[in-house]
Amino acid sequence: MELNNQPMLEAVNLTKRYEDGHLALDNINFSVLPGQIFAMLGGNGAGKTTSINIFLNLIEPTSGEARIDGIVTHKEPLAAKQKVSYVSENVMLYHEFTAIQNLDFFSKIGGKTNYTKEDYKNVLLRVGLQEDAHEKRLKGFSKGMRQKCGIAISILKDSPAILLDEPTSGLDPKAGLEFVNLLNELKKEGKAILMSTHDIFRAKDNADFIGIMNKGNLVMMKTKEELENEDLEKLYVEHMSGYMDKVA
Ligand SMILES: Nc1ncnc2c1ncn2[C@@H]1O[C@H](COP(=O)(O)OP(=O)(O)O)[C@@H](O)[C@H]1O
Ligand SMILES: [Mg+2]
C-alpha cells in the first residue's frame with residue numbers, strides 16, 4: 000500500500016520524571032506512519048511502558064508530548080483515545096464472561112453497537128481462536144487464547160493506531176508466531192503499530208524500524224533495511240554495554 004506520510008504516532012521530546020525524581024524518559028523522539036510497525040527493545044526499566052502509558056494518557060509527560068494522529072494525548076485525552084487500541088502483556092478481560100461476551104462488552108464500551116454475534120465469531124476465527132472456545136468462559140483460557148481475545152477487541156475497535164506492551168511475552172512459539180502474522184495483517188491494513196518487546200528475532204522479521212531503549216534514552220534507531228546485514232543481538236548487547244561504559 001502507499002504510505003501516507005503524516006505520522007500516526009509521534010513522540011516529540013518526550014520526557015518523564017516520576018514524582019520520586021527518577022528520570023524514566025529523557026527526550027525521546029520517534030514517529031510511526033500508517034502501515035508501519037515500530038518495535039522498542041530494551042531491558043527492564045528502560046522506559047518502554049512509560050512511553051506507552053503516556054500515549055494512553057495513563058500518565059502525563061513532564062515535558063514534550065505524545066501525539067496520535069496529531070492529537071496531543073495529555074491535552075485531548077478523549078479524542079486521542081478514540082484513535083488507539085491497546086493490548087498489554089496481561090490482557091484485562093472478564094474471566095467470568097465468554098470470549099463473545101467480552102468482545103461484545105468492550106465493543107459497546109467503545110461505542111460500537113452494531114456488531115452481531117456473527118461479526119464476533121468471524122473476528123475470533125481471524126485471530127485464530129478455535130470455534131469451540133467462542134462460548135466458553137475466559138477463566139479456562141491459556142495466556143495465548145486470552146491474547147487472541149485482546150487483539151480481537153482491538154480489531155473490532157478498528158482504530159488507526161495500536162499499542163502493544165510486550166504482547167508476545169509468555170506465549171508459546173506457535174502462539175507467538177500467529178500473533179506476529181496477525182500484526183503483519185494489521186500493518187497491511189494501514190494501522191500504525193508501536194510495540195515493546197524482548198523478542199529480538201521477531202522484531203527484526205516484523206518491524207519496519209527498531210529502537211533500543213536504555214535508561215530512558217533511545218540509544219539506537221535503525222530501519223529494517225539498515226539492519227538487513229546486521230546482527231541485531233550483537234548490536235543490542237553493544238548498545239547496552241556502551242551506555243553502561245559511558246555512565247560509569
Ligand atoms: N510510578 C513510578 N514512579 C517512579 N518510578 C517509576 C514509576 N513507574 C516506573 N518507574 C521507573 O521508571 C523506569 C522505567 O520503567 P518502565 O517504563 O516500566 O520500563 P520498561 O517498561 O522498559 O521495563 C524504571 O526505572 C522504573 O522503576
Ligand atoms: Mg514494561
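If you count the sequence shown from 1, position 79 lands on 78 in numbering that gives the first Met the number 0, and the numbers rise without skipping. Beta carbons: idealized from backbone N, C-alpha and C, even for Gly. Note that the structure is predicted; figures quoted are calculated from it, not measured.
Notebook entry, point to check: Whose CA, out of A151, L163, L40 and I27, lies closest to the CA of S87?
Noted result: Ranking the options by Cα distance to S87, first place goes to L163.
Notebook entry, point to check: How about N28 and A10: are their beta carbons less than 8 Å apart?
Noted result: N28 places its beta carbon less than 8 Å from that of A10.
Margin query: Quick check: P250 and M194, are their CB atoms within less than 8 Å of each other?
Written below: Because the chain in this structure spans residues 0 to 247, residue 250 falls outside the shown range and cannot be described.
Next item on the list: Note down, one range per segment and in chain order, each alpha helix (DSSP H) of at least 4 residues found wholly within the stretch 112-191.
Entry: Listed in chain order, the alpha helix (DSSP H) elements of length 4 or more contained wholly in the stretch 112-191 are 116-125, 142-156 and 172-187.
Margin query: If you follow the alpha helix (DSSP H) that F200 is in, where does it begin and where does it stop?
Written below: Run containing F200: I199 to N205, per the alpha helix (DSSP H) assignment.
Checklist line | Range covered by the beta strand (DSSP E) that runs through E225 | finding: That residue, E225, is in no beta strand (DSSP E); its alpha helix (DSSP H) goes K223 to L226.
Check: Does DSSP classify K8 as helix, strand or coil?
Finding: For the sequence presented, residue 8 should be read as Leu rather than Lys. If DSSP states are grouped into helix, strand and coil, L8 belongs with the strands.
Checklist line | Other residues of its chain near E15: CB distance less than 6 Å, five sequence neighbours each side excluded | finding: Reading the sequence as shown, one finds Lys at residue 15 and not Glu. A23, L24, T49, P60 and T61, listed in sequence order.
Check: Do the CB positions of I209 and K221 come within less than 8 Å of each other?
Finding: A contact, by the Cβ cut-off of 8 Å.
Check: Distance, Cα to Cα, Y154 vs L182?
Finding: It should be pointed out that residue 154 corresponds to Ile in this sequence rather than to Tyr. Each residue's CA atom was taken as its position, placing I154 and L182 some 10 Å apart.
Note to self: Report the start-end ranges of each beta strand (DSSP E) in the stretch 65-92 that is 3 residues or longer and not cut off at the edges.
What the structure shows: Within the stretch 65-92, the complete beta strand (DSSP E) runs of at least 3 residues are 83-86.
Checklist line | Local Cβ density within 10 Å of S84, reported as buried at 16 or more and exposed below that | finding: S84 counts as buried, since no fewer than 16 other beta carbons sit within 10 angstroms of its beta carbon.
Next item on the list: Give the secondary structure of A247 by DSSP, where H, G and I count as helix, E and B as strand, and everything else as coil.
Entry: Model confidence at A247 stands at a pLDDT of 46, short of 50, so the residue's coordinates are unreliable; what they give is reported in the following sentence. If DSSP states are grouped into helix, strand and coil, A247 belongs with coil.
Item checked: Candidates I58, L185, H73 and Y235, of which the one nearest K203 by Cα -> Of I58, L185, H73 and Y235, the residue nearest in Cα terms is Y235.
Item checked: Span of the beta strand (DSSP E) around D25 -> Note, D25: beta strand (DSSP E), L22 to V31.
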